[in-house]
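Residue numbers (my numbering): 202 to 1023.
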């Protein structure tokens, strides 16, 4: 009897342990209900594996029986499928249903994905054709598809075929299909997203070959995709970033103005530019050094990895220190993954370069910059080797990095990479790892900063990567866009397309980078007006005519353009600094909620067909609507305002939405509107703002735009520099709730962190409204009249208006402010 009981116990233990995987084909006529981590369906020529997540995500992997290159070298997904309640039915069709109401149905070798009873993804199948293996999905008739990374294409990518292969495109404009950062994430207006977790060379056809089919194919790697459900883009991105990660908080100075060009060639030159910027009263926070810091020429210097010409750069450490301490300028150095022959580190670098089939370092003869090799960044030894050079510059005072050419720009198919440190036994070809090369370089920077420079938030520009790169702090830019109207017109589409793929800090070389015969101050002004409402404000262009006669020297710094354009641009740069508390708070929305900083007008709702048509417009955060002017000579532009009341940011005028309007837009302004009910925190000071270094978050103007609808806004604040701020809960969330009843405005203020307040810490909020206050009417704070000395007027330099404000002290305890309007 004892023996029988032990046998039963062992059997129960065995079943419990192995019940995490269920094979559908073995389930009998009665449905099986069990906790599972994966469910396998054995098809005729392979096996499908399904894994459910708690947040409306289903992972699907197919393993063909005739396929051996099944390595998964992507680390895009960091969430592990949980053990989740599952109901499995094996009948005429096979059905897997999870507790969160998501399900997949297998019917005659075709897959259907549902949420509740509604089929969202239909008729998914596997295919193989030539060298490609992948999946096909049947599209609904009116379905629109967005995403795919950087594409200078209409936001709805249905009808297009493009590569999944990171590719530079010099001097591109509207219509460029294949750019530096291709992300295989696609969002459907039908309420789902598809993420193909395969970084090998591939392609996607979204209804071009067959108008009703989305087809994606790859040349190698595990064949895996994720179905991400959501009623809106906001929900889909929340679910997607929950499994791939969100962007860590950048340093607050990253929201300032960058001084940059291709490129500064001596300490004397860069000092002259900085002095000119100061003289013309342009605030600035970042100073970018292009490739002349490690050599005097464009070609033949990649791989020096140190300051070379000591006559032009006599004391780099002192120079960087002086810029930081005297001007609050944070220096950013460019670097590249190529090590050229005859450079300072070439001989030492050779063991760490990617190889040919014979195992020796492979040279690339057709790289524009010269012949050399590519650092095999997948090897830990290679990472350690190149990091020691970067760490030296961090010690010299470098505050950020700019990784260029990391697609990689030239990546011969015969080049081999060693991924043994990541569990891959065989050498892998360039096309198998190409799209994840820049991603792993970003990962190296992130991990090294986390372990060896743990007191600094990483600032890393990188124009290439893969899904999930956001969690390594990457700040992508859109590559070598043309200095042309076509180049400008492409940028809202490229930035929004990337934003929908979970890469929130995408931005462009403001003003354009390449292929200009002469300066165009109107183009430059329109571009910088647009850039003021993008994640990073970094004018950058070529100025190298003496070194490269085919390239016109056109300064990218605003201090060198003529009036009236200079004053207009200064006004928008000052506005960006005024918006610092609003902009920085967007970084919290991303880090915690996965929200992009730029959001299309249909971000919360696909039902508004006009919003889908207005693809050049976007929300900057939730509260501002931006309509860039991208047409030469424009004095007005048509734009769409969604339903509700909208206030002009420029002059406080009110317009009813739900319609297209023709909005004046002379060279002094681009249309920017604020949604009724919005709170917009502003940094307004009587002093001239020189950098974010003088920012004081204890004295903030809060502009409230009245609405009869009750609204809530949460403002985030921390010290802007410390690492692990969210992990340590070393921050504050101040919540503002507002409503307007007739001419009575009521605003409630609370904080999540009242304990930090005391004798040495309190805040002052200056509440500004875009309408006049009633004369002779008292302002009440917690029911008590506010003294006359707390009510005043302040001039807003951007608006050129004088606005009334009410000054309220906040000591951490709940405050109710009641204001009567005229």
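From the three backbone atoms N, C-alpha and C, an ideal C-beta is built for every residue, glycine too.
Between the Cα of residue i and the Cα atoms of the options, which residue gives the shortest distance?
{"i": "residue 467", "options": "494, 459, 457", "result": "494"}
{"i": "residue 563", "options": "518, 569, 613, 930", "result": "613"}
{"i": "residue 332", "options": "417, 339, 258", "result": "417"}
{"i": "residue 1015", "options": "973, 996, 952, 722", "result": "952"}
{"i": "residue 367", "options": "455, 692, 402, 407", "result": "402"}
{"i": "residue 430", "options": "287, 315, 407", "result": "315"}
{"i": "residue 930", "options": "360, 954, 942", "result": "954"}
{"i": "residue 580", "options": "568, 567, 945, 620", "result": "620"}
{"i": "residue 810", "options": "276, 343, 328", "result": "343"}
{"i": "residue 772", "options": "274, 997, 1018", "result": "997"}
{"i": "residue 489", "options": "608, 677, 638, 465", "result": "465"}
{"i": "residue 627", "options": "247, 520, 400, 273", "result": "273"}
{"i": "residue 648", "options": "618, 598, 585", "result": "585"}
{"i": "residue 638", "options": "666, 662, 436", "result": "666"}
Bridge partners of residue i, per DSSP?
{"i": "residue 383", "result": "350"}
{"i": "residue 249", "result": "242, 263"}
{"i": "residue 739", "result": "BP columns for residue 739 are empty, so no partner."}
{"i": "residue 904", "result": "881, 969"}
{"i": "residue 307", "result": "295, 312"}
{"i": "residue 796", "result": "DSSP lists no partner for residue 796."}
{"i": "residue 334", "result": "329, 419"}
{"i": "residue 1020", "result": "946"}
{"i": "residue 719", "result": "Per DSSP, none; premise fails for residue 719."}
{"i": "residue 918", "result": "933"}
{"i": "residue 556", "result": "562, 617"}
{"i": "residue 403", "result": "365, 419"}
Does DSSP put residue i in a helix, a strand or coil?
{"i": "residue 594", "result": "helix"}
{"i": "residue 993", "result": "strand"}
{"i": "residue 362", "result": "strand"}
{"i": "residue 968", "result": "strand"}
{"i": "residue 699", "result": "helix"}
{"i": "residue 511", "result": "coil"}
{"i": "residue 658", "result": "coil"}
{"i": "residue 683", "result": "strand"}
{"i": "residue 324", "result": "strand"}
{"i": "residue 202", "result": "Note that residue 202 scores a pLDDT of 43, beneath 50, so its modelled location is shaky; the value from the coordinates is reported in the next line. In this structure, residue 202 counts as coil in the three-state DSSP scheme."}
{"i": "residue 734", "result": "coil"}
{"i": "residue 840", "result": "strand"}
{"i": "residue 861", "result": "strand"}
{"i": "residue 394", "result": "strand"}
By Cβ distance below 6 Å, which residues in the same chain neighbour residue i in space, the five residues on each side in sequence not counted?
{"i": "residue 560", "result": "none"}
{"i": "residue 326", "result": "311, 337"}
{"i": "residue 544", "result": "504, 505"}
{"i": "residue 813", "result": "803"}
{"i": "residue 443", "result": "256"}
{"i": "residue 712", "result": "725, 728, 740, 742, 757"}
{"i": "residue 605", "result": "535, 537"}
{"i": "residue 288", "result": "232, 234, 298"}
{"i": "residue 438", "result": "795"}
{"i": "residue 399", "result": "419, 422"}
{"i": "residue 841", "result": "811, 815, 861"}
{"i": "residue 720", "result": "755"}
For residue i, which residues of its own chain have a beta-carbon under 7 Å away from its beta-carbon, when the five flanking residues on both sides are left out?
{"i": "residue 185", "result": "Examination of residue 185 is not possible in this model, given that the chain is present from 202 through 1023 alone."}
{"i": "residue 844", "result": "858, 859"}
{"i": "residue 790", "result": "796"}
{"i": "residue 735", "result": "696, 708, 799"}
{"i": "residue 594", "result": "534"}
If you drop the 5 nearest sequence neighbours on each side, which residues of the same chain put their C-beta closer than 8 Å to that of residue i?
{"i": "residue 760", "result": "474, 477, 478, 480, 481, 483, 767"}
Counting only beta-carbon separations shorter than 8 Å, does residue i have a partner in chain B?
{"i": "residue 269", "result": "This model lacks chain B altogether; it includes just one protein chain."}
Can you find at least 3 beta carbon pairs, one from the stretch 773-780 and one from the stretch 885-903, that sit closer than 8 Å?
Yes, they touch.
Three or more beta-carbon pairs under 8 Å between the stretch 994-1002 and the stretch 852-870, yes or no?
When Cβ pairs closer than 8 Å are counted between the two stretches, the stretch 994-1002 is seen to touch the stretch 852-870, the count reaching three or more.
Determine, using beta-carbon pairs with one atom in the stretch 979-987 and one in the stretch 920-936, whether at least three such pairs fall under 8 Å.
No: the two stretches stay apart, fewer than three of their Cβ pairs being nearer than 8 Å.
Decide yes or no for the touch test of the stretch 862-877 against the stretch 898-915: beta carbon pairs closer than 8 Å, at least 3 of them.
Here the stretch 862-877 lies against the stretch 898-915, with 3 or more beta-carbon pairs under 8 Å apart.
Given 8 Å, three or more beta-carbon pairs between the stretch 682-692 and the stretch 651-670:
By the Cβ rule, the stretch 682-692 does not count as touching the stretch 651-670, because fewer than three pairs are nearer than 8 Å.
Evaluate the contact criterion for the stretch 618-635 versus the stretch 420-429: three or more CB pairs, one atom per stretch, below 8 Å.
Judged by Cβ distances under 8 Å, the stretch 618-635 makes contact with the stretch 420-429, as three or more pairs qualify.
Indicate whether the contact test is met: 3 or more Cβ pairs, each with one atom in the stretch 432-449 and one in the stretch 663-673, closer than 8 Å.
Counting C-beta pairs closer than 8 Å gives three or more between the stretch 432-449 and the stretch 663-673, which meets the contact rule.
Check whether the stretch 408-420 and the stretch 368-381 touch, using three or more Cβ-Cβ pairs below 8 Å as the test.
As far as the Cβ criterion goes, the stretch 408-420 does not touch the stretch 368-381, which means the pair count is below three.
Is there contact here, the stretch 477-488 with the stretch 832-846, by at least three beta-carbon pairs under 8 Å?
The stretch 477-488 makes no contact with the stretch 832-846: fewer than 3 CB pairs, one atom from each, lie closer than 8 Å.
Could you tell me whether the stretch 283-298 touches the stretch 334-349, where touching means 3 or more Cβ pairs closer than 8 Å?
The stretch 283-298 makes no contact with the stretch 334-349: fewer than 3 CB pairs, one atom from each, lie closer than 8 Å.
Does the stretch 378-390 come close enough to the stretch 290-308 that 3 or more CB-CB pairs lie under 8 Å?
No, they do not touch.
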